[in-house]
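Student: Just so you know, the working numbering puts the end of the sequence shown at 839, numbered straight through with nothing missing.
We put the beta carbon where it would ideally sit given N, CA and C, even for glycine.
I am attaching a structure below and will ask some questions about it afterwards.
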Amino acid sequence: MAEFTTEQIRNLAVLGHTGAGKSTLLEALLFQGEAIAQKGRVDKGTNHADFTAQEKDHRHSLEPSFLNLDFDNHHINFIDTPGLPDFFGRALLPLSGVESVLLVINAATGIETITQRAFEAARAQGKVVLIAINHIDGNGANLAGLLDEIQTKFGHRCLPVNLPNAALDDVIDCYLHPQPELQGEALFHDVASARDELVDTVLEEDDELMALYLEQGENLTPEQLHAPLETALRMGHLVPVCFTSAEQQVGIGALLELIIKLSPNPLEANPPQFIKGQGESALPVDVTQSSEDHALAYVFRVAIDPFFGRMGVFRVYQGTISLGMKLFIGDGRKPIKVGNLFKLQGDKQISVNSAVPGDICAISKVDELTVGAVLHDSHDEDEFHLPELVLPQPIFGLAVSAKRRGDEQKIAEVLNKLVVEDPSLHIAKNEAEGQTILQGQGDLHLQIALEKAHDLFNVDMETDVPAVAYRETITRSATARYRHKKQSGGAGQFGEVELTVEPLPRGAGFEFVSKVVGGSVPSQYIPAVEKGVKEAMNGGAVAGFPMQDVRVSLLDGKHHSVDSKEIAFVMAGKKAFLDAVQEANPVILEPIVEMQVQVAQEHVGDITGDISANRGIICGTQAQGNGKVEVEVEAPLATVDDYSTRLKSLTGGDGQFAMTFSRYDVVPEHVQKALVSAAKAH
């Protein structure tokens, strides 16, 4: 492969709702850039982004995939992402490795659930966003209205940098080479007005250049506009919008040029803030992005193959990573050797000798790699890390167990591999029920994980519906004292503690504070008290569900010079905590989810009635076009854990929905009584 400098590199994650045409658009871009000789098709399973057996079978992108091309003396790294709501966590993983997001919108269906969430996530992480309205062929009547909708939802600074012509077989440049007299008439809007809007937006933050613009008869070259343009893009003051038809290869060359001319190179983008250390002692550190400094890279994708081992995809942020060099992983003391270094092109691995800052490469056969790992070649960068990636909280679960006796350990290993590859999957233990629970974003998310366990790792699992992840907490403060005393000949056990429990804000978790003075509880026994409290919290105090959002303050106690032992203070802490909780008005919490349900207009009444009958709240409705309506809902997870089946029944299979965790809230009194009765009967 040709070698490129950091300034010549562009990195883009391609996001959008399923059906927007992301994979097809990438085929068109690769074909335009002569990286492939023939375009593949999603419906035939021949496109380059969806190459796994599962993706070919399901005809959907299920994993992030990596493609690249060289065009006009630039190297562009594309990351295709899944568009199904269940896989939004996977779609977020590549954001830490790119400067820009190409957000693809289907001209026929408009802004959908994942479109909105993707835009918000990209801007929250400071990424430059470029919007491509795809499938313009046959949808000319929708385009002006869709641009208005984009500006309403994402801001009035979402401005077209090109416009479709009246025949929908080409686009007219409004920014880089505006020559409408040669390019024909736009389908809607006006090229001169569109350019004026763009230039005015770019110049808003630069008074000197605005004055020059007026002096030169409202005329500036793209070179003069470059610096303020980059600032406007980074700040989110400008979101360029372009038009494409990937199927008909319309607007693809213009999009490639826009990517090179408008999207920032790695030196121009908002750099991620690396941190050194943990907790209160953590300090922000800056990376130089110089190829001559210590090597520093961030792993944002891990794939595990039963034959080829663990592969990690990383973005280089500083220094040069070369074949044969030695790297440390995180705080590890033993380095690994870079035995292979390659670029990914779909399912192909293309060997390279080195990777400069800004580039995206991969290494394999390194078992220690995890998502979030930092690779470096000097102990000066020990403890460097990026802020923890925030992924959607899992809301669905399946209890899994071995289908064949003796497979328990194998299942545990495979589940761990699945979570390493996809951190939006979680493994939980329900000690009360003795269940191992695989948690994810939805039925399909879990189905795909179980298929992978079978197809790749030859493991089959029995599945069952797990108990809903209820929690317990308290609603007021209370204090209790407990003495644990045991004498059975010889040395006994003695420990006495007094503690207070207080409610914390929802989602705050657990805090333990020692306020002991004078050594009434020796310092070596204070961790034992905390251990006892945590044991009690895990077992619950009302119906056996784990407790959360509680602060425990150890106030006082007593000890015995001979009989006091760790176990005595564990038991005293546990019992004192449970006694205090009984006086603190304990309640059961249930997970509440937000849902966006898209149905035909005629089914809205059925949907709202069903939700209301199941303790849900209708938060609003919004027309989506094409006779579709989006209903926004809040509901207890316990009442919608079978919602996919109910929705199919209510709409004849015509509805779809996305669900995200919102918060925990107190269950109604009649539900709490039923849960307590069930726990006692069990």
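1) Quick one: what's got a C-beta closer than 6 Å to V473's C-beta in the same chain, skipping five residues either side?
2) By the three-class DSSP mapping on this structure, what secondary structure does H215 have?
3) Which same chain residues, not among the five before or five after E354, have their C-beta less than 8 Å away from its C-beta?
4) Would V495 and L484 be called neighbours here (beta carbons separated by less than 9 Å)?
5) Taking the straight line between their C-alpha atoms, what separation do you get for G529 and V577?
6) Under three-state DSSP, which class holds N299?
7) I'd like the ranges of any alpha helix (DSSP H) spanning at least 4 consecutive residues and lying wholly in the region 722-750.
8) Among residues of its own chain, excluding the 5 on either side of S677, which ones have a beta-carbon nearer than 8 Å to its beta-carbon?
9) Any contact of the region 263-274 with the region 182-194, i.e. 3+ C-beta pairs under 8 Å?
10) Could you tell me the distance, in whole angstroms, from the CA atom of I683 to the CA atom of A733?
11) Thinking just about the alpha-carbon of each residue, which of E545, H536, R561, V286 is nearest to the one in L395?
12) If you draw a straight line from the alpha carbon of G689 to that of N695, how long is it in whole angstroms?
13) Taking only runs of the alpha helix (DSSP H) that begin and end inside the region 572-614, which ones reach a length of at least 4 residues, in chain order?
14) Hey, R628 and P660: beta-carbon distance below 9 Å or not?
15) Tell whether a beta-carbon distance below 9 Å holds between S115 and P421.
16) Mind checking F464: buried by the 16 CB within 10 Å criterion, or exposed?
17) Assess, as a yes-or-no matter, whether the region 364-374 is touched by the region 340-352 under the definition of 3 or more beta carbon pairs within less than 8 Å.
18) Does the pairing of the region 565-579 with the region 222-240 give three or more beta-carbon distances under 8 Å?
19) So, does the CB of Q758 fall closer than 9 Å to a CB anywhere in chain D?
20) Check the DSSP bridge columns for M704 and list the partner residues they point to.
21) Applying the 10 Å Cβ sphere with the 16-neighbour rule, what's the burial state of V674?
22) Is there contact here, the region 499-507 with the region 382-402, by at least three beta-carbon pairs under 8 Å?
23) Identify, in the order they occur along the chain, each residue of the same chain with its Cβ nearer than 8 Å to the Cβ of K560, setting aside the five sequence neighbours on each side.
24) With burial defined as no fewer than 16 other Cβ atoms inside 10 Å of the residue's Cβ, what is the status of C518: buried or exposed?
25) Rounded C-beta distance between Y639 and D736? I'm assuming under 8 Å.
26) Bridge partners of F818, per DSSP?
27) Compute the Euclidean distance between the alpha carbons of S180 and L219, then round it to the nearest angstrom.
28) Give the straight-line distance between the Cα atoms of I432 and S438, rounded to the nearest whole angstrom.
29) Mapping DSSP to helix, strand and coil, what is K483?
30) Would you call the CB atoms of L325 and V261 closer than 9 Å?
31) In or out: M468 buried (at least 16 other Cβ within 10 Å) or exposed?
32) Out of S806, P679, I749, point me to the one whose CA is closest to V790's CA.
33) Rounded to whole angstroms, what's the CA-CA distance from F457 to E545? Just pull it up for me.
34) Thinking C-alpha only, which one of P321, A323, V670, Q273 is nearest T309?
35) V625 and F541 look like a contact to me (Cβ under 8 Å); what is the Cβ gap, rounded to whole Å?
36) Unbroken alpha helix (DSSP H) runs of length 4 or more, entirely within the region 339-405: which are they?
Tutor: Short version:
1) Within the sequence shown, residue 473 is the residue found at index 316, counting from 1. A454, A512, P514, D516.
2) By 1-based counting over the sequence shown, the position of residue 215 is 58. Helix.
3) Locating residue 354 in the sequence shown gives position 197, where the first residue counts as 1. So the qualifying residues of the chain are L316.
4) Mapped onto the sequence shown, residue 495 falls at position 338. Mapped onto the sequence shown, residue 484 falls at position 327. Contact: yes.
5) Working through the sequence shown from its first residue, we reach residue 529 at position 372. Working through the sequence shown from its first residue, we reach residue 577 at position 420. Straight-line measurement puts the Cα of V577 at about 10 Å from the Cα of G529.
6) For the purposes of this step, residue 299 is taken as residue 142 along the sequence shown, with counting starting at 1. In the structure shown, N299 sits in a helix (DSSP, three-state: H, G or I).
7) The region 722-750 contains these whole alpha helix (DSSP H) runs: 723-739.
8) As a first step, residue 677 must be located in the sequence shown, where it is residue number 520. So the qualifying residues of the chain are D713, G714, K715, H716.
9) As far as the Cβ criterion goes, the region 263-274 does not touch the region 182-194, which means the pair count is below three.
10) Taking the first residue of the sequence shown as 1, we reach residue 683 at position 526. Taking the first residue of the sequence shown as 1, we reach residue 733 at position 576. Distance from the CA atom of I683 to the CA atom of A733, rounded to whole angstroms, is 14 Å.
11) Taking the sequence shown and counting its residues from 1, one reaches residue 395 at position 238. Among E545, H536, R561, V286, the Cα nearest to that of L395 is on V286.
12) Locating residue 689 in the sequence shown gives position 532, counting from the first residue. Locating residue 695 in the sequence shown gives position 538, counting from the first residue. Straight-line Cα distance between these residues: approximately 10 Å.
13) Listed in chain order, they are 600-614.
14) As a working note, residue 628 is residue 471 in the sequence shown. As a working note, residue 660 is residue 503 in the sequence shown. The answer is no: Cβ separation not under 9 Å.
15) Nothing about residue 115 can be read from this structure; the chain reaches only from 158 to 839.
16) Locating residue 464 in the sequence shown gives position 307, where the first residue counts as 1. That one is exposed.
17) Contact fails between the region 340-352 and the region 364-374, because fewer than three Cβ pairs, one in each stretch, are under 8 Å apart.
18) Cβ pair count under 8 Å is below three, so no.
19) Considering every chain present, this structure includes no chain D. It has just one protein chain.
20) Taking the sequence shown and counting its residues from 1, the one referred to as residue 704 is at position 547. E629, per the DSSP bridge assignment.
21) By one-based count along the sequence shown, residue 674 stands at place 517. Exposed, by the Cβ-count rule.
22) Output reads no: the region 382-402 does not touch the region 499-507.
23) The residue given as residue 560 occupies position 403 in the sequence shown. These residues qualify, in order along the chain: D617, M618, E619.
24) In the sequence shown, the residue the question calls residue 518 occupies position 361. By the 10 Å Cβ count, C518 comes out buried.
25) Here residue 639 refers to the residue found at position 482 of the sequence shown. Here residue 736 refers to the residue found at position 579 of the sequence shown. Rounded to the nearest angstrom, the Cβ distance from Y639 to D736 is 6 Å, consistent with a contact under 8 Å.
26) Position 661 of the sequence shown, counted from the start, is the residue given in the question as residue 818. For F818, which the question treats as bridged, DSSP gives the partners V750.
27) Within the sequence shown, the letter at position 23 stands for residue 180. Within the sequence shown, the letter at position 62 stands for residue 219. Taking the straight line from one Cα to the other gives about 11 Å.
28) For the purposes of this step, residue 432 is identified with residue 275 of the sequence shown, where counting begins at 1. For the purposes of this step, residue 438 is identified with residue 281 of the sequence shown, where counting begins at 1. Rounded to the nearest angstrom, the gap between the Cα atoms of I432 and S438 is 10 Å.
29) Residue mapping note: residue 483 aligns to position 326 of the sequence shown, counting from 1. The answer is strand: DSSP assigns K483 an E or B state.
30) On the sequence shown, residue 325 is found 168 positions in, with the first residue counted as 1. On the sequence shown, residue 261 is found 104 positions in, with the first residue counted as 1. In this structure, V261 does not lie closer than 9 Å to L325 by Cβ.
31) If you number the sequence shown from 1, residue 468 lands on position 311. Answer is buried; the Cβ neighbour count reaches 16.
32) The residue you call residue 790 lines up with position 633 of the sequence shown. Ranking S806, P679, I749 by Cα distance to V790 puts I749 first.
33) Within the sequence shown, residue 457 is the residue found at index 300, counting from 1. Within the sequence shown, residue 545 is the residue found at index 388, counting from 1. CA-to-CA, the gap between F457 and E545 works out to about 11 Å.
34) Position 152 of the sequence shown, counted from the start, is the residue given in the question as residue 309. Of the listed residues, the one whose Cα sits closest to T309 is Q273.
35) Looking up residue 625 in the sequence shown gives position 468. Looking up residue 541 in the sequence shown gives position 384. 40 Å between Cβ atoms; not a contact.
36) Fully enclosed alpha helix (DSSP H) runs of 4 or longer: 348-360, 364-372, 379-391.
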